[in-house]
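What follows is a single structure, written as structure tokens, with notes after it.
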Amino acid sequence: MKKPTAAEASLSRQTFNRLRDLVREHAGIDFPDEKRYLLESRVKPRLLAQEVPDFETYADRLEQGDTREIARLVNAVTINETAFFRHPSQFEALEDTILPELVRLHHQERSGPMRLWSAACSAGDEAYSLAILIRETIGPRHPRMDYEIVGTDIDTEVLEEARAGRYRKRSVRNVPPAYLRDYFDRSGEAFVVDPAIRDMVEFRPLNLTDAQDMRRMRNFDLIMCANVLIYFNETSKKNVLQGLYRSLRPGGYLFVGGSEALGGLDVPLEPVRHEGALAYRRPTNGSVSSRA
Ligand SMILES: C[S@@+](CC[C@H](N)C(=O)[O-])C[C@H]1O[C@@H](n2cnc3c(N)ncnc32)[C@H](O)[C@@H]1O
Numbered sequence: 039m040k041k042p043t044a045a046e047a048s049l050s051r052q053t054f055n056r057l058r059d060l061v062r063e064h065a066g067i068d069f070p071d072e073k074r075y076l077l078e079s080r081v082k083p084r085l086l087a088q089e090v091p092d093f094e095t096y097a098d099r100l101e102q103g104d105t106r107e108i109a110r111l112v113n114a115v116t117i118n119e120t121a122f123f124r125h126p127s128q129f130e131a132l133e134d135t136i137l138p139e140l141v142r143l144h145h146q147e148r149s150g151p152m153r154l155w156s157a158a159c160s161a162g163d164e165a166y167s168l169a170i171l172i173r174e175t176i177g178p179r180h181p182r183m184d185y186e187i188v189g190t191d192i193d194t195e196v197l198e199e200a201r202a203g204r205y206r207k208r209s210v211r212n213v214p215p216a217y218l219r220d221y222f223d224r225s226g227e228a229f230v231v232d233p234a235i236r237d238m239v240e241f242r243p244l245n246l247t248d249a250q251d252m253r254r255m256r257n258f259d260l261i262m263c264a265n266v267l268i269y270f271n272e273t274s275k276k277n278v279l280q281g282l283y284r285s286l287r288p289g290g291y292l293f294v295g296g297s298e299a300l301g302g303l304d305v306p307l308e309p310v311r312h313e314g315a316l317a318y319r320r321p322t323n324g325s326v327s328s329r330a
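Here this note's numbering runs 38 ahead of the position in the sequence shown, where the first position is 1.
Given below as structure tokens:
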């Protein structure tokens, strides 16, 4: 009888458990039982690329510690959906109140550059949106202020896309027309981020569930970490949030995704509502008020 090929391979419950444990261990991403077919479809191209006949052989290889392939597995299972100015109300809150407040703090303290972090930045849309907003709003009023904008993601392939700064029309659908005109060049169907904006952002690999990676990220004025906590289980979510808390300077702000409330997660961040956006602030004195 002819042996089944990788293209015909199917993922048994037992091997699903092995692969999902590996993904959870290395990226914190949780695949509940009902997502078995999603994991199967995401991993199957890796079987073909590695020329292994079935999921069992592939899982053996990963469990033997093939770190390059583990990184490729993680790249294959991440969901990278993103867009420029994805949550417009968050950017309005930044422009109207949060960035001016952070500038005032810097002036009072005469501290170094303002530090902004797009955590789980995917193809870089959010990090470049921050750069454009700074260039448009704070930059002209405070020309001596310095900024560091960092975009990080666990997915090394999507970071290459971020560095290239080329986008489809769908990604720029929320960009105001004046910004589109001033900060993007057209190249055929693509929208290419202006080099001056690209130079404002540094992209680096970082795993939010890796304590060592997180210890390197300190003293941020603003962290945007949207639409990634939803992929973690409660324990990972709690650990990641505690890490993000420690990465904020006192008085610094965190944004998560619109549907990712932090209630019950036991981090001493103060919810601050700005019109349609909910931000979280690290208190300056360690106490948390009931302002929401
Ligand atoms: C749906 S995208 C969200 C992108 C962007 N934050 C936004 O809101 O538009 C989720 C991103 O989280 C990244 N991700 C998943 N697990 C991660 C982890 N453990 N550490 C860092 N990034 C992770 C994925 O690679 C993916 O690019």
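Every residue gets a Cβ at the ideal spot worked out from N, C-alpha and C, and that includes glycine.
A quick note: this is a predicted structure, and the numbers were derived from the prediction, not measured.
- [ ] Could you tell me which residues DSSP puts in a beta bridge with E240?
- [x] V188
Open item on the list: Pairs of beta-carbons, one from the segment 159-174 and one from the segment 199-206, closer than 8 Å: are there three or more?
Closed with: yes
Open item on the list: Am I right that R56 and A97 are in contact with their C-beta atoms under 8 Å? What's the rounded C-beta distance?
Closed with: Rounded to the nearest angstrom, the Cβ distance from R56 to A97 is 4 Å, consistent with a contact under 8 Å.
Task: As assigned by DSSP and simplified to three states, the class of P288 - done: strand
Task: Assigned exposure category for G281 - 16 Cβ within 10 Å defines buried - done: Buried: at least 16 other Cβ atoms inside 10 Å.
- [ ] Could you tell me if S167 is buried or exposed, where buried requires 16 or more neighbouring beta carbons within 10 angstroms of its beta carbon?
- [x] That one is buried.
Task: Spatially closest choice to N212 from V61, D191, F123, by CA coordinates - done: F123
Open item on the list: Are the CB atoms of I170 and I235 within a distance shorter than 9 Å?
Closed with: yes
TODO: Give me the Cα-Cα distance between M252 and R106, rounded to the nearest whole angstrom.
DONE: Rounded to whole angstroms, M252 and R106 show a C-alpha spacing of 21 Å.
Open item on the list: Looking only at its chain, what residues have a beta carbon closer than 7 Å to the beta carbon of Y221, apart from the 5 residues adjacent to it on each side?
Closed with: Excluding positions up to five away in sequence, the list reads I170, V231, D232, I235.
TODO: Starting from the Cα of Y318, find the closest Cα among I136, A158, S209, E198 and give me that residue.
DONE: I136
Open item on the list: Taking the beta carbon of I268 as the centre, do at least 16 other beta carbons fall within 10 Å, making it buried, or is it exposed?
Closed with: exposed
TODO: From the DSSP output, in three-state form, read off F69 for me.
DONE: coil
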